[in-house]
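Peer 1: Residues in the sequence shown are numbered consecutively from 20, following the working numbering.
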Amino acid sequence: MATLTLAAPAKINLFLDITGRRADGYHTISGIMQAISLCDTVTLTLEPLTEGEEPRHTLTCTNPDLPTDGKNLALRAAKAFFEATGSGDTHLHIHIEKHIPAAAGLAGGSTNAAAVLKGLNQLLGYPLTQDELCRVGLTLGADVPFCIMGDARITKGVGEILTPCASLPPCHLVVACAGEGVSTPAAYQKLDEMYGYFDDTFYIPKSDALASQLEALKNGDLDGVGKNAYNIFESAVLPTHGKASYIKDTLAAAGAVFAMMSGSGPSVFGVFDNENAAHAATKGLAREGIPAWVCVPIGI
20 MATLTLAAPA
30 KINLFLDITG
40 RRADGYHTIS
50 GIMQAISLCD
60 TVTLTLEPLT
70 EGEEPRHTLT
80 CTNPDLPTDG
90 KNLALRAAKA
100 FFEATGSGDT
110 HLHIHIEKHI
120 PAAAGLAGGS
130 TNAAAVLKGL
140 NQLLGYPLTQ
150 DELCRVGLTL
160 GADVPFCIMG
170 DARITKGVGE
180 ILTPCASLPP
190 CHLVVACAGE
200 GVSTPAAYQK
210 LDEMYGYFDD
220 TFYIPKSDAL
230 ASQLEALKNG
240 DLDGVGKNAY
250 NIFESAVLPT
260 HGKASYIKDT
270 LAAAGAVFAM
280 MSGSGPSVFG
290 VFDNENAAHA
300 ATKGLAREGI
310 PAWVCVPIGI
């Protein structure tokens, strides 16, 4: 029997813009993702087969609301890995200790899938390179390649073209989620309607702001990062999600250098240059029944 436990960090989007809409309906994006210390823990246990046995792939999770069958992205990741490598003649059990809110724009499912891919690769002697792992991950979801690579990355394409960039300078993050549901396909549809289906004669991507934010990250300029932070999904989601909008305003009032929604939401994060202010903001949200976590960026 072989067991391996890995941390599966969440991500936030420091910048997220849509650059176009492909003929197949998928949207191309441009942005910056940042790994953060809020994380799940994924434990993989491999057990050899006895003669005549068929492989069993099972999953347990500390969050009872999440599926533990083939709908779970972690089990799908295991299946994809075994198909890609021709392995799988083994029992596998996956246990997820869940801390990242589900369906919240923090890549909670994608980071679990990435941990499974990386963990199986390690346990089985690295049959796949990191690039090959990322190609397998992309079949599971656009955020999985980033979660495999981690740190801070410029994201292009549908999220699969990743280039390293400077991480957030030392700071504290408050991540909060009041549990409002957000349908990502519906959010994209709303954006299509708002921005002329991203026809290049109607919508001009904010490439200058992205370049300025990358320069601010390179210089360790937290104020500059905040001034150029952008998430196009806010325009579609915040007007109809009052709790997310309230969290953003509350974090700004509590002293955040800037606050913004992550991904398609509904999670909101605030970036603080003062640790005490970050903890005070978290306690204030908790008193209102809003779960919040203090964490730090993970980067180069």
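Here a beta-carbon is modelled for each residue, glycine too, at the ideal position from N, C-alpha and C.
1) Considering only DSSP beta bridges, list what residue 277 is partnered with.
2) Have a look at residue 52 and residue 69 and give me their C-alpha separation to the nearest angstrom.
3) Measuring alpha carbon to alpha carbon, tell me which of 193, 36 and 136 ends up nearest residue 315.
4) Considering only their Cβ atoms, is the gap separating residue 130 from residue 84 smaller than 8 Å?
5) Buried or exposed: where does residue 221 fall if 16 or more other Cβ atoms within 10 Å of its Cβ makes it buried?
6) Under the DSSP definition of a beta bridge, which residues are partnered with residue 114?
7) Determine, using beta-carbon pairs with one atom in the segment 242 to 251 and one in the segment 213 to 231, whether at least three such pairs fall under 8 Å.
8) Got a sec, what are the start and stop residues for the beta strand (DSSP E) residue 14 sits in?
9) Can you find the residues in the same chain that come closer than 6 Å, C-beta to C-beta, to residue 269, ignoring five residues on each side of it along the sequence?
10) Just checking, does the segment 269 to 288 make contact with the segment 163 to 176 on the three C-beta pairs under 8 Å criterion?
11) Compute the Euclidean distance between the alpha carbons of residue 307 and residue 196, then round it to the nearest angstrom.
12) I need the DSSP call for residue 46, collapsed to helix, strand or coil.
13) Do residue 313 and residue 284 have their C-beta atoms within less than 8 Å of each other?
14) Assuming residue 57 contacts residue 29 under a Cβ cut-off of 8 Å, what Cβ separation, rounded to an integer in Å, is found between them?
15) Taking the beta carbon of residue 140 as the centre, do at least 16 other beta carbons fall within 10 Å, making it buried, or is it exposed?
16) Give, in chain order, every unbroken run of the alpha helix (DSSP H) that is at least 4 residues long and sits entirely within the segment 226 to 260.
17) Quick check: what's the CA-CA separation for residue 223 versus residue 318?
18) Sorted by chain position, which residues of the same chain lie with C-beta nearer than 6 Å to residue 210's C-beta, five sequence neighbours on each side aside?
19) Taking 8 Å as the threshold, find out whether the segment 181 to 188 comes into contact with the segment 106 to 124 through three or more Cβ pairs.
20) Curious, which full-length alpha helix (DSSP H) runs of at least 4 residues does the segment 134 to 203 contain?
21) Taking the alpha carbon of residue 27 as the point to measure from, which residue in 119, 20 and 79 has its own alpha carbon closest?
22) Excluding five sequence neighbours on each side, which residues of the same chain lie with their C-beta closer than 6 Å to the C-beta of residue 217?
23) For residue 253, does the count of other Cβ atoms within 10 angstroms reach 16, so buried, or fall short, so exposed?
24) Nearest to residue 82 by alpha carbon, out of 91, 116, 215 and 72?
25) Using the beta-carbon count (16 or more within 10 Å), is residue 22 buried or exposed?
26) Excluding the five sequence neighbours on either side, which residues of its own chain have a C-beta within less than 8 Å of the C-beta of residue 190, listed in chain order?
27) May I ask which residues mark the beginning and end of the beta strand (DSSP E) holding residue 97?
28) Residue 311 lies in the beta strand (DSSP E); which residues open and close that run?
29) Please determine, among 24, 45 and 25, the residue with the shortest C-alpha to C-alpha distance to residue 203.
30) From the DSSP secondary-structure annotation, give me the bridge partner or partners of residue 54.
31) Per DSSP, residue 220 is paired with what?
Peer 2: Judging by the given coordinates:
1) DSSP output for residue 277 lists 290 as bridge partner(s).
2) Residue 52 and residue 69: Cα-Cα distance of roughly 44 Å.
3) Ranking 193, 36 and 136 by Cα distance to residue 315 puts 193 first.
4) Not in contact: residue 84 and residue 130 (Cβ atoms no closer than 8 Å).
5) Answer is exposed; the Cβ neighbour count stays below 16.
6) Per DSSP, the beta-bridge partners of residue 114 are 62 and 79.
7) Between the segment 242 to 251 and the segment 213 to 231, the count of C-beta pairs closer than 8 Å reaches three or more; the two stretches touch.
8) Because the chain here runs from 20 to 319, residue 14 falls outside it and cannot be looked at.
9) Nothing listed; no residue qualifies.
10) Not touching, per the Cβ criterion.
11) So the two alpha carbons sit approximately 12 Å from each other.
12) DSSP, reduced to helix, strand and coil, places residue 46 within a strand of the structure shown.
13) Contact: no.
14) Beta-carbon to beta-carbon, residue 57 and residue 29 are separated by about 5 Å, close enough to satisfy the 8 Å threshold.
15) That one is buried.
16) Counting only runs of 4 or more, we get 226 to 237, 241 to 246 and 252 to 256.
17) Whole-angstrom Cα-Cα distance: 30 Å.
18) Closer than 6 Å at the Cβ level, and outside the excluded window around residue 210, lie 255.
19) The segment 181 to 188 is not in contact with the segment 106 to 124.
20) Correct list: 149 to 157 and 163 to 168.
21) Out of 119, 20 and 79, 119 has the C-alpha closest to the C-alpha of residue 27.
22) Listed in chain order, the non-local C-beta contacts of residue 217 below 6 Å within the same chain comprise 37, 39 and 40, local neighbours out to five positions each way being set aside.
23) With 16 or more other CB atoms across the displayed protein chains lying within 10 angstroms of its CB, residue 253 is buried.
24) For residue 82, the nearest C-alpha among the options comes from 116.
25) With fewer than 16 other Cβ atoms from the protein chains shown falling within 10 Å of its own Cβ, residue 22 counts as exposed.
26) 241, 276, 290, 291, 292, 315 and 316.
27) The continuous stretches of beta strand (DSSP E) do not include residue 97, which lies in the alpha helix (DSSP H) extending over residues 92 to 104.
28) From DSSP, the beta strand (DSSP E) with residue 311 extends over 311 to 314.
29) In terms of CA proximity to residue 203, 45 leads the group 24, 45 and 25.
30) Residue pairing by DSSP places residue 54 opposite 30 and 317 in a beta bridge.
31) None, per the DSSP bridge assignment.
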